[in-house]
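Protein chains in written order, with full-length UniProt numbering: chain A, 1 to 272; chain B, 1 to 272. Idealized CB from N, CA, C, for every residue including glycine. No experiment lies behind these values; they were computed from the predicted model shown. Encoded as structure tokens, the structure appears first; notes follow it.
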């Protein structure tokens, strides 16, 4: 009876949720077996790159901002043939800047000597400075960049790329509050854009800009049609309730309030 | 020498990255001690709710979509006094729909009997159906909802709330491809909005809509000024390279391609 209800629910759910259903199978029992057995529509029909494995590595380091790696991961993981791997200096959970949340790093940098796409997220002040001073991390970033198809960053991740020497003489962007630092400490032309491409290096502005950068990168890797399909797949039709996200249009008070909230959320306090 | 370089770099980094710096300290040595000792600007000046602890719980269950919990977590964790806790049926890493990434659940549902804010993310078909049939999970959601200030969902998370009986007679939204299922299987009026509030329940549309919903929720909890500051803090000034995220404007082919990419990305295959 339980099984029967389960199967019926699964079938109904499949048709209605229309994900596995749309992939060409009418049944979805919620078991891995059923999914593996499902005759999936050839990806050739969608992007023509189904058989091409795409190794995407996202570097996690202590104190990163949660959305920096997870926004792009959500989008890039939908690319045909893509595998997203969370990588850190050591395997295991890596805490965000607020210390509330941890994403698992499944590989350590010593395990990884090649990636098609490298993404370096941003972090709070402490985490960014520590990464910029971490020579082992910077050496690994340079090594991966030597053979990567794309080397990318989100938010203050561009400061880490700059510290690794990868942005010399390039145009790049970063978190709005870090623009002066990037401009004054490195041979970089800062552009106040959502994302900036310079050769195979793409830098994104703060935190949420990683979503826009990832869609742009998806279009470069798999074409506009696939990128648009991914945008629809994650229903990215942004309508924030306010228009307050652009630092160029923000008054000094709002900027100070934003930076205070960031600093307070990163204050080291005992968590439940 | 190493220490001296570290301190100089840290101090420069702090001023430049301007986060800890903005909180009223001119030094940032990159150590937790320095941050703890930093005299922070009273939050009373920003939102007046500094002393109010805000317990935000996000329910993780097998096969959730990564951005559903992490987008809102990024935004809500910046609320004054907020603690974001990732919760699952059992503690430990919880895998996403693509099986590539896992977020740590620091608490199990048996540990949590009260939350100010509950957020239920969406998942792929298998994960959503399994959650809708998980009576222990549904009982816990009903129990938390009894005393929560806000009960919220992202994407197909609204189907889980509906399965828990929390959406009866309400207006709600969900993932575009799940709208018919929500409408036809529950006593719910579906609205094709980014987010829909019905009393203390707020449902968001697919995946990325959780960002817009979280900013709206932030404004309800801490006021427009704080919500706008958080939007600036995460530089949420969205400019995707395409305008393809609205299902109402998408042609049938793009919808099918989107659902194929989702299904293929969720295909159970051995990962590196």
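Query: Under 8 angstroms, Cβ to Cβ, is there at least one residue of chain C near residue 228 of chain A?; Result: Looking for chain C here will not work: the only protein chains present are A and B.
Query: Sorted by chain position, which residues of the same chain lie with C-beta nearer than 8 angstroms to residue 108 of chain B's C-beta, five sequence neighbours on each side aside?; Result: 87, 88, 89, 90, 91
Query: Is it right to say residue 63 of chain B is buried, meaning 16 or more other beta carbons lie within 10 angstroms of its own, or is it exposed?; Result: buried
Query: Would you mind working out which of B:207, B:220, B:255 sits nearest residue 157 of chain B, comparing C-alpha positions?; Result: B:207
Query: Can you confirm whether residue 224 of chain B, when its beta carbon is compared against all beta carbons of chain A, has any partner nearer than 8 angstroms?; Result: yes
Query: Buried or exposed, going by whether 16 or more other CB atoms sit within 10 Å of the CB of residue 210 of chain B?; Result: buried
Query: Would you call the region 223-241 of chain B in contact with the region 93-109 of chain B, where contact means no fewer than 3 C-beta pairs closer than 8 angstroms?; Result: no
Query: In chain order, what are the residue ranges of uninterrupted beta strand (DSSP E) at least 3 long that sit wholly in the UniProt domain "DJ-1/PfpI" (58-217) of chain A?; Result: 82-88, 92-95, 102-105, 117-120, 150-153, 170-172, 188-190, 195-198, 201-204
Query: Can you check whether the C-beta of residue 98 of chain A is within less than 8 angstroms of a C-beta belonging to chain B?; Result: yes
Query: Round the Cβ separation of residue 164 of chain B and residue 61 of chain B to the nearest angstrom and send it over; I've been treating them as touching at under 8 angstroms.; Result: Contact doesn't hold; Cβ gap of about 13 angstroms is too wide.
Query: In whole angstroms, what separates the C-alpha of residue 220 of chain B from that of residue 149 of chain B?; Result: 11 angstroms
Query: Residue 277 of chain B versus chain A: which residues are under 7 angstroms apart at the beta carbon?; Result: Shown here, chain B extends from 1 to 272; a query on residue 277 of chain B therefore has no answer.
Query: Could you tell me the distance, in whole angstroms, from the CA atom of residue 247 of chain A to the CA atom of residue 134 of chain A?; Result: 30 angstroms
Query: I'd like to know whether the C-beta of residue 117 of chain B is nearer than 8 angstroms to at least one C-beta of chain A.; Result: no
Query: With distances taken between CB atoms, is the gap from residue 94 of chain A to residue 105 of chain A smaller than 8 angstroms?; Result: yes
Query: Helix, strand or coil for residue 224 of chain B per DSSP?; Result: helix
Query: Using a Cβ-Cβ cut-off of less than 8 angstroms, give me the residues of the region 188-219 of chain A that come near chain B, in sequence order.; Result: 194, 205, 206, 207, 208, 209, 211, 212, 215, 216, 219
Query: Please name the residue in A:204, A:188, A:159 whose C-alpha comes closest to that of residue 129 of chain A.; Result: A:159
Query: What are the boundary residues of the alpha helix (DSSP H) that includes residue 235 of chain A?; Result: Here residue 235 of chain A belongs to no alpha helix (DSSP H), and DSSP marks it neither H nor E.
Query: Expressed to the nearest angstrom, what Euclidean distance is found between the alpha-carbon atoms of residue 273 of chain A and residue 190 of chain A?; Result: For residue 273 of chain A there is no data in the structure shown, the boundaries of chain A being 1 and 272.
Query: Check whether the region 185-205 of chain A touches the region 135-143 of chain A, taking contact to mean three or more Cβ pairs, one atom from each stretch, closer than 8 angstroms.; Result: no
Query: Does the distance from the C-beta atom of residue 72 of chain B to that of residue 213 of chain B stay below 8 angstroms?; Result: yes
Query: Given this structure, state the Cα-to-Cα distance separating residue 147 of chain A from residue 59 of chain A, to the nearest angstrom.; Result: 16 angstroms
Query: Starting from the Cα of residue 218 of chain A, find the closest Cα among A:77, A:199, A:114, A:254 and give me that residue.; Result: A:77
Query: Name the DSSP beta bridge partners of residue 251 of chain A, please?; Result: Paired residue(s): none; residue 251 of chain A is not in a bridge.
Query: When the Cα of residue 264 of chain A is compared with those of A:136, A:175, A:80, A:125, which residue comes out closest?; Result: A:125
Query: Which one of A:113, A:256, A:228 has the shortest CA to CA distance from residue 229 of chain B?; Result: A:256
Query: So residue 265 of chain A contacts chain B; which residues on that side make the cut at Cβ distance below 7 angstroms?; Result: 77, 78
Query: Rounded to whole angstroms, what is the Cα-Cα separation between residue 250 of chain B and residue 110 of chain A?; Result: 44 angstroms
Query: So, for residue 254 of chain B: in the same chain, excluding its five sequence neighbours on each side, which residues have a beta-carbon less than 8 angstroms away from its beta-carbon?; Result: 244
Query: Just checking: is the beta-carbon of residue 176 of chain A within a distance shorter than 8 angstroms of some beta-carbon in chain B?; Result: yes
Query: Could you check how far apart the C-beta atoms of residue 203 of chain B and residue 179 of chain B are, in whole angstroms? I think they sit under 8 angstroms.; Result: With a Cβ gap of about 11 angstroms, residue 203 of chain B and residue 179 of chain B do not count as contacting.
Query: How many Å lie between residue 79 of chain B and residue 226 of chain B at the Cα?; Result: 8 angstroms
Query: For chain B, check one thing: does any of its Cβ atoms lie closer than 8 angstroms to the Cβ of residue 148 of chain A?; Result: no
Query: Between which residues of its own chain and residue 193 of chain B is the CB-CB distance below 8 angstroms, once the five residues before and five after are set aside?; Result: 173, 205
Query: Using only alpha-carbon positions, find the residue among B:185, B:139, B:233, B:241 that is nearest to residue 113 of chain B.; Result: B:139
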